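Student: After the structure tokens below, expect a handful of questions from me.
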Amino acid sequence: MWRVMIVTAIFCGAVRTVPAQELALKTNALYWAASAPNIGVEIGTGRRMTLDLFGSYRPWRLRDEADASFWLVQPELRYWLRRSFEGHFFGVHLHGAQYSARGRERIYDGSLAGGGFTYGYCWRLSRHWRLESLLGVGYARLWYDERLGLPCRKCVARRSDNYVGPTRIALTVSCLF
Numbered sequence: 134m135w136r137v138m139i140v141t142a143i144f145c146g147a148v149r150t151v152p153a154q155e156l157a158l159k160t161n162a163l164y165w166a167a168s169a170p171n172i173g174v175e176i177g178t179g180r181r182m183t184l185d186l187f188g189s190y191r192p193w194r195l196r197d198e199a200d201a202s203f204w205l206v207q208p209e210l211r212y213w214l215r216r217s218f219e220g221h222f223f224g225v226h227l228h229g230a231q232y233s234a235r236g237r238e239r240i241y242d243g244s245l246a247g248g249g250f251t252y253g254y255c256w257r258l259s260r261h262w263r264l265e266s267l268l269g270v271g272y273a274r275l276w277y278d279e280r281l282g283l284p285c286r287k288c289v290a291r292r293s294d295n296y297v298g299p300t301r302i303a304l305t306v307s308c309l310f
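In the working numbering, the protein residues as written are 134 to 310.
Shown next, in the form of structure tokens:
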């Protein structure tokens, strides 16, 4: 019981009041185009700094042959050149995910972790609505099991790979509160 009270006290003490126009609820249209529901929250931490937390979850497969299911989380710290939620920004992001990708003959079940750098631009559409585009490049470490296709799903090999390249792309619609 004491642990619960201590954790609650820590969270209540860490809560910061957020003035108007420093909290955004957002979604990435490119993920919706890939049938992957997603949501993000961005909190202003200063005049030119924000903290963005983005997540997506796709538990289903749409095709019988090649497809993937996954969940991912991508936190990002952003520095805005003008002021928060307007114009150009640079960011540093992390990412973590679990996935199951199926090809014609093989299935790859695994996870990944990494980080990178982001550049983006945010257009003001109205007082509360924004449109944002961004591109991130970075590194990801992948750990996965390579399996034979259905019906046996026998594990052929455990592997790991390094990836360097685009790690984040978005066309985001956001609402500021």
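Beta carbons are placed, not taken as given, at the ideal position from N, Cα and C, and that holds for glycine.
Because the structure is a prediction, the values reported are computed rather than measured.
Tell me where the beta strand (DSSP E) around ALA167 begins and ends.
Tutor: Looking at the DSSP string, ALA167 is not in any beta strand (DSSP E), and its letter there is neither H nor E.
Student: Quick one: complete alpha helix (DSSP H) runs, 4+ long, within the segment 187-269?
Tutor: Complete alpha helix (DSSP H) runs here, min 4: none at all.
Student: Considering only heavy atoms of the ligand ZN, does any lie closer than 8 Å to the CB of TRP276?
Tutor: The ligand ZN is not part of the structure shown, which contains no ligands of any sort.
Student: Taking a contact to mean a Cβ-Cβ separation below 9 Å, would you say HIS221 touches GLN207 in this structure?
Tutor: No, Cβ-Cβ distance for HIS221 and GLN207 is not below 9 Å.
Student: Using only alpha-carbon positions, find the residue among GLU175, LEU205, THR183 that is nearest to ALA169.
Tutor: The candidate whose alpha carbon is nearest that of ALA169 is LEU205.
Student: What separation, rounded to the nearest whole angstrom, lies between the Cα atoms of ASN161 and CYS288?
Tutor: The alpha-carbon atoms of ASN161 and CYS288 are separated by roughly 35 Å.
Student: For LEU184, collect the residues of the same chain with a Cβ closer than 8 Å to its Cβ; drop the 5 residues on either side in sequence, then sort them by chain order.
Tutor: Excluding sequence neighbours, LEU184 sits near GLU175, ILE176, THR178, PRO208, GLU209, LEU210, ARG211.
Student: Quick one: what does DSSP say CYS145 is sitting in, helix, strand or coil?
Tutor: Residue placement at CYS145 cannot be trusted, given a pLDDT of 49 that sits under 50; what the coordinates show is reported in the next sentence. Residue state, collapsed to three classes: helix.
Student: Whole angstroms is fine: what's the gap from GLU265's alpha carbon to ARG301's?
Tutor: Spanning the two alpha carbons is a distance of roughly 13 Å.
Student: Ignore the nearest five residues each way along the sequence and tell me which others in PRO299's own chain have a CB closer than 6 Å to its CB.
Tutor: Same-chain partners within the cutoff: VAL270.
Student: I'd like to know whether the C-beta atoms of LEU158 and LEU304 end up nearer to each other than 9 Å.
Tutor: Cβ atoms of LEU158 and LEU304: not closer than 9 Å.
Student: Where does LEU275 sit, in a helix, a strand or coil, going by DSSP?
Tutor: Strand at LEU275.
Student: Sorted by chain position, which residues of the same chain lie with C-beta nearer than 6 Å to SER217's C-beta, five sequence neighbours on each side aside?
Tutor: Once the five neighbours on either side are set aside, the close Cβ partners of SER217 are GLY177, THR183.
Student: Within the same chain, show all residues whose beta-carbon is closer than 6 Å to that of LEU186, passing over the 5 residues directly before and after it, in chain order.
Tutor: So the qualifying residues of the chain are VAL174, PRO208.
Student: Given this structure, state the Cα-to-Cα distance separating GLY188 from LEU245, to the nearest angstrom.
Tutor: Each residue's Cα considered, the two are about 14 Å apart.
Student: When the distance is taken between beta carbons, is SER202 closer than 9 Å to ARG263?
Tutor: No, they are not a contact pair.
Student: Using DSSP's beta-bridge definition, name the partner residues of VAL174.
Tutor: Partner(s): LEU158, LEU186.
Student: Do you know offhand how far ASN171's Cα is from PRO192's?
Tutor: Rounded to the nearest angstrom, the two C-alpha atoms are 12 Å apart.
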